Amino acid sequence: MQEQNITVNGTPISQFDFVNAMQSYSMELYRKTADQLSEEEIEQVQGLAVEQIIARELIFQTALAQGAIATDEQIKAEMDKVMANFPSEEEFFATLEKAGIDQDSYYRMLRQDLSVKMMTEKKLADAPSPAAEEVKAFYDENPDKMKKPGQVRASHILIKVTEDNREEAQKKIEELKNEVTGDAAQFGDLARQHSACPSKDKGGDLGFFGPGSMVKEFDQAAFSLEPGQISDIVETQFGYHLILVTERKDPESLTLEEVAPQIESFIKDQKGAILLQAWVEEMKEKADIEIA
56 MQEQNITVNG
66 TPISQFDFVN
76 AMQSYSMELY
86 RKTADQLSEE
96 EIEQVQGLAV
106 EQIIARELIF
116 QTALAQGAIA
126 TDEQIKAEMD
136 KVMANFPSEE
146 EFFATLEKAG
156 IDQDSYYRML
166 RQDLSVKMMT
176 EKKLADAPSP
186 AAEEVKAFYD
196 ENPDKMKKPG
206 QVRASHILIK
216 VTEDNREEAQ
226 KKIEELKNEV
236 TGDAAQFGDL
246 ARQHSACPSK
256 DKGGDLGFFG
266 PGSMVKEFDQ
276 AAFSLEPGQI
286 SDIVETQFGY
296 HLILVTERKD
306 PESLTLEEVA
316 PQIESFIKDQ
326 KGAILLQAWV
336 EEMKEKADIE
346 IA
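Okay, so the sequence shown: first residue is 56 according to this note's numbering, each after it adds one.
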């Protein structure tokens with residue numbers, strides 16, 4: 056990864072901050088680490104990382120100038136939240152050390168992160184709330200988004216797969232595939248006898264669920280079926296499944312009153328993002344920024 060030497064109003068940006076930003080965008084956009092990216096992907100991620108760390112530094116410098124800096128109490132509270140995910144304080148600091156971060160550096164990072172967050176939230180609070188006419192217009196212009204997604208009710212039989220039993224599990228699920236019918240009672244009996252899922256106590260019934268509620272392979276299979284249909288053998292990270300869809304609910308249109316709060320929040324967030332971008336651009340125009 057090519058190093059970037061960046062200074063903002065005379066303050067150098069650490070290579071550590073640049074690498075962190077690169078890794079964050081790499082995972083967000085491509086689900087890869089930065090060293091796994093293609094040249095084209097690196098160019099895109101690097102550009103985003105540079106923009107992000109410059110904006111962050113400009114906001115922090117503004118916070119410093121206005122005295123809007125995170126207090127020791129706020130920083131300690133944030134550290135306590137993070138440390139709660141570790142078995143002990145010693146383990147937490149040992150993990151930092153492995154990443155090449157000492158306690159003082161971590162404290163400074165938290166101070167900057169919290170100060171930037173506070174300053175950003177203060178700016179976003181200036182974003183105007185949308186008028187009722189804006190909310191209504193958004194509702195009318197986006198009818199496809201103003202629906203409650205359809206749902207299916209499905210039962211399944213799960214045969215768990217391990218490295219040692221794959222062949223046996225394959226044989227078992229194929230036998231069950233040949234045995235099941237579209238009859239829910241018969242499917243339920245087989246689920247009680249053979250399924251490895253806790254839902255077996257209810258005949259494999261998973262109840263109603265919407266798109267995206269299950270792992271991808273299961274989700275796609277279930278939503279491709281009509282009531283009474285049984286899937287082909289579906290393999291997921293949990294094992295082999297047979298899926299029986301017993302009911303379907305069509306998508307339902309939502310009223311303006313039902314979705315107005317979400318629309319208001321969405322429009323305000325959009326206005327906030329535009330306001331924030333304009334603020335950062337204004338600071339950049341006045342700043343002395345060097346990239347080498």
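Note that CB positions come from ideal geometry on N, CA and C, so glycine has one too.
None of the values given here were measured: they were computed from a predicted structure.
For residue j and residue i, the rounded distance between their alpha carbons
{"i": "Lys191", "j": "Phe321", "result": "13 Å"}
{"i": "Leu103", "j": "Met134", "result": "28 Å"}
{"i": "Val100", "j": "Val74", "result": "11 Å"}
{"i": "Leu331", "j": "Asn64", "result": "20 Å"}
{"i": "Ile130", "j": "Ala123", "result": "13 Å"}
{"i": "Ser250", "j": "Ile214", "result": "6 Å"}
{"i": "Ser286", "j": "Leu280", "result": "7 Å"}
{"i": "Gln167", "j": "Thr217", "result": "47 Å"}
{"i": "Gln317", "j": "Lys326", "result": "14 Å"}
{"i": "Glu302", "j": "Ala239", "result": "11 Å"}
{"i": "Arg247", "j": "Lys232", "result": "15 Å"}
{"i": "Gly243", "j": "Leu92", "result": "48 Å"}
{"i": "Glu189", "j": "Met138", "result": "44 Å"}
{"i": "Gln241", "j": "Asp199", "result": "38 Å"}
{"i": "Ala180", "j": "Ala333", "result": "15 Å"}
{"i": "Glu128", "j": "Phe293", "result": "44 Å"}
{"i": "Gly237", "j": "Arg221", "result": "26 Å"}
{"i": "Ala187", "j": "Asn140", "result": "43 Å"}
Residue i: CB within 7 Å of a non-hydrogen atom of the ligand COA
{"i": "Ile124", "result": "With respect to the ligand COA, the structure offers nothing, as it holds no ligand at all."}
C-beta atoms of residue i and residue j nearer than 8 Å
{"i": "Val105", "j": "Gln70", "result": "no"}
{"i": "Ser184", "j": "Lys323", "result": "yes"}
{"i": "Ile114", "j": "Ala76", "result": "no"}
{"i": "Thr126", "j": "Glu345", "result": "no"}
{"i": "Ile156", "j": "Glu112", "result": "no"}
{"i": "Thr88", "j": "Ser81", "result": "yes"}
{"i": "Ser210", "j": "Asp260", "result": "yes"}
{"i": "Ala110", "j": "Val289", "result": "no"}
{"i": "Leu84", "j": "Tyr194", "result": "no"}
{"i": "Ile212", "j": "Leu169", "result": "no"}
CB-CB length for residue i against residue j, believed under 8 Å
{"i": "Val171", "j": "Ala118", "result": "7 Å"}
{"i": "Arg208", "j": "Gly262", "result": "6 Å"}
{"i": "Thr291", "j": "Val314", "result": "The pair is not a contact, with the Cβ atoms about 33 Å apart (cut-off 8 Å)."}
{"i": "Tyr161", "j": "Leu151", "result": "6 Å"}
Under 8 Å, with one C-beta from each stretch per pair, do the region 227 to 241 and the region 294 to 313 reach the 3-pair mark? At 8 Å Cβ cutoff, the stretches touch.
Restricting to runs no shorter than 3 residues, where is the beta strand (DSSP E) found entirely within the region 104 to 179? none
Count the C-beta pairs between the region 192 to 205 and the region 300 to 312 that are closer than 8 Å, then say yes if the count reaches three, no if not. The region 192 to 205 makes contact with the region 300 to 312, as at least three CB pairs between them are under 8 Å.
At least three beta-carbon pairs within less than 8 Å, the region 275 to 290 to the region 161 to 179: no
Would you list, in sequence order, the uninterrupted alpha helix (DSSP H) runs of no fewer than 4 residues that lie entirely inside the region 253 to 341? Runs of the alpha helix (DSSP H) lying entirely within the region 253 to 341 and spanning at least 4 residues, in chain order: 271 to 278 and 311 to 341.
In chain order, what are the residue ranges of uninterrupted beta strand (DSSP E) at least 3 long that sit wholly in the region 65 to 89? 66 to 68
Secondary structure, beta strand (DSSP E): runs of 3+ residues fully inside the region 206 to 234: 206 to 214
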